[in-house]
Ligand SMILES: [Zn+2]
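Okay, here's the thing in structure tokens:
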């Protein structure tokens, strides 16, 4: 039996038919495959961000205009706009999934700051709604508005003492630095949980940033198109939200599935999205599907950063920026930053606060991982903080620190 002849059944097949019937984009995909019904998911081409951007803001929208309860956008690394609508039922499903996951981390006794962008982005609103559903107090400081710039957020953290901070590791670090510079002791401010929404980094780095505040780190994963695709378990590890998404992991340079347990590009298919159904959507994010020690059978999403941030040696396999960071920062004596890339054509890593011995040990560890010789230098922490503020969502490269 070929894939085309396989009987389509069950909720996943129902959603597949819904997408192919109702989304203007997927209707065109179906038309291109005329005569091969019923279509199985694994026969369909991958949906790329380029195609989503070309389809326009509502090019994937599968519902009548009055049913749109929210429109949000992401931008990919090339600045392309990826639009996504949601119905009220879509929002309820996301809020319920998030609230269920966050129950282990927040409750009525908590005050939470949501310090990720609200503008055109569903992530902050979804987190806000889920925390409110759990009875937590919520302060939506955002991250981009001139009404609440980073210094105002830091001042409010000192004044209101939130126990939960929903942000990225880099913003948590920048807020910590601002408070320390103004005479505060961030560890004494009572933060308990950091919920990291984006800014994928090495686990050792996330744990160190949270520990600076005396908090623990919990991870979520998602985008405007794929809200709540990964949500934290009680241990803080992001797990695939299997009620809402089916995941595949493919070769970032091709379309074939990677072997089980290998790192590759996450491809998501929605299972319940009414307004923006997605079939085999290339997220551009590298993950490894892993087992988590918490006992939750759903795959853990080990986040490895963006496809475009991989480091490619002249021979041997590409390495993710997160792998390099984890290797460097698990070397004793390292601090909070390891920025990797090429400088003057040579593999280069820049650390904060490292002795000559530590630099040598990091060079040795990176060579053991990649087979290449590494230049390992240092810059002071303030230079990293300033470069991260300039870079925004983009991962830092050695040039960002050398140009200043
Ligand atoms: Zn877990």
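In the working numbering, the protein residues as written are 566 to 969. Quick reminder that beta carbons are idealized off the backbone N, C-alpha and C, glycines included.
Quick check: the Cα distance between residue i and residue j, rounded to an integer number of angstroms?
i           : j           : result
residue 760 : residue 801 : 8 Å
residue 631 : residue 583 : 19 Å
residue 901 : residue 598 : 51 Å
residue 566 : residue 833 : In this prediction, residue 566 scores a pLDDT of 35, lower than 50, which makes its location untrustworthy; the coordinate-derived value is nonetheless stated afterwards. Spanning the two alpha carbons is a distance of roughly 26 Å.
residue 944 : residue 581 : 51 Å
residue 918 : residue 680 : 27 Å
residue 735 : residue 880 : 32 Å
residue 924 : residue 720 : 36 Å
residue 957 : residue 782 : 21 Å
residue 921 : residue 744 : 30 Å
residue 713 : residue 645 : 26 Å
residue 876 : residue 641 : 19 Å
residue 692 : residue 674 : 17 Å
residue 628 : residue 762 : 28 Å
residue 663 : residue 937 : 42 Å
residue 824 : residue 874 : 21 Å
residue 639 : residue 725 : 31 Å
residue 715 : residue 698 : 27 Å
residue 858 : residue 592 : 42 Å
residue 677 : residue 717 : 16 Å
residue 942 : residue 579 : 55 Å
residue 809 : residue 939 : 42 Å
residue 846 : residue 731 : 26 Å
residue 897 : residue 733 : 24 Å
residue 746 : residue 948 : 15 Å
residue 776 : residue 620 : 44 Å
residue 595 : residue 711 : 45 Å
residue 797 : residue 926 : 33 Å
residue 750 : residue 780 : 13 Å
residue 878 : residue 960 : 19 Å
residue 816 : residue 856 : 20 Å
residue 546 : residue 590 : Since the first and last residues shown for the chain are 566 and 969, residue 546 lies out of range.
residue 661 : residue 684 : 22 Å
Considering only their Cβ atoms, is the gap separating residue j from residue i smaller than 9 Å?
i           : j           : result
residue 636 : residue 618 : no
residue 577 : residue 609 : no
residue 729 : residue 757 : yes
residue 962 : residue 904 : yes
residue 701 : residue 748 : no
residue 977 : residue 752 : With the chain covering 566 to 969 only, the question about residue 977 has no answer from this structure.
residue 625 : residue 686 : no
residue 707 : residue 723 : no
residue 953 : residue 765 : no
residue 647 : residue 682 : no
residue 950 : residue 742 : yes
residue 786 : residue 803 : yes
residue 667 : residue 634 : no
residue 562 : residue 669 : The question about residue 562 has no answer, for the chain in this structure spans 566 to 969.
residue 727 : residue 755 : yes
residue 860 : residue 906 : no
residue 854 : residue 812 : yes
Would you say residue i reaches chain C, if we count a Cβ-Cβ gap shorter than 9 Å as a contact?
i           : result
residue 722 : In the structure shown, chain C does not exist; there is a single protein chain.
Let me check one thing: in DSSP terms, what residues is residue i bridge-paired to?
i           : result
residue 905 : 914
residue 639 : 647
residue 709 : DSSP lists no partner for residue 709.
residue 868 : 852
residue 678 : 704, 730
residue 810 : 835
residue 695 : Its beta-bridge partners do not exist; DSSP assigns none.
residue 884 : 876
residue 589 : For residue 589, which the question treats as bridged, DSSP gives no partner whatsoever.
residue 787 : Partner(s): none; residue 787 has no beta bridge.
residue 803 : 797
residue 940 : 913
residue 830 : 815, 851
residue 742 : None, per the DSSP bridge assignment.
residue 762 : 785
residue 747 : DSSP lists no partner for residue 747.
residue 846 : 612, 833
State the CB to CB distance for the pair residue i and residue j, rounded to an integer number of angstroms; the pair is presumed to be in contact (CB under 8 Å).
i           : j           : result
residue 703 : residue 696 : 5 Å
residue 612 : residue 844 : 6 Å
residue 934 : residue 884 : 7 Å
residue 805 : residue 795 : 6 Å
residue 872 : residue 849 : 5 Å
residue 863 : residue 807 : 5 Å
residue 585 : residue 604 : 7 Å
Please confirm whether any heavy atom of ligand 2 lies closer than 8 Å to the CB of residue i.
i           : result
residue 861 : Of the ligands one can find in the structure shown, namely ligand 1, none is ligand 2.
Q) Would you call the segment 901 to 914 and the segment 859 to 869 in contact, with 3 or more CB pairs under 8 Å? A) Verdict: no, contact absent.
Q. Would you call the segment 818 to 828 and the segment 780 to 796 in contact, with 3 or more CB pairs under 8 Å?
A. In the pairwise beta carbon analysis, the segment 818 to 828 is classified as not touching the segment 780 to 796: fewer than three pairs are separated by under 8 Å.
(Q) Closer than 8 Å is the cut-off here; do at least three beta carbon pairs connect the segment 643 to 657 with the segment 834 to 851? (A) The count of Cβ pairs closer than 8 Å, one atom from the segment 643 to 657 and one from the segment 834 to 851, reaches three, so the stretches are in contact.
Q.
Assess contact between the segment 923 to 939 and the segment 883 to 894, defined as three or more Cβ pairs (one per stretch) separated by less than 8 Å. Is contact present?
A. Short answer: they touch.
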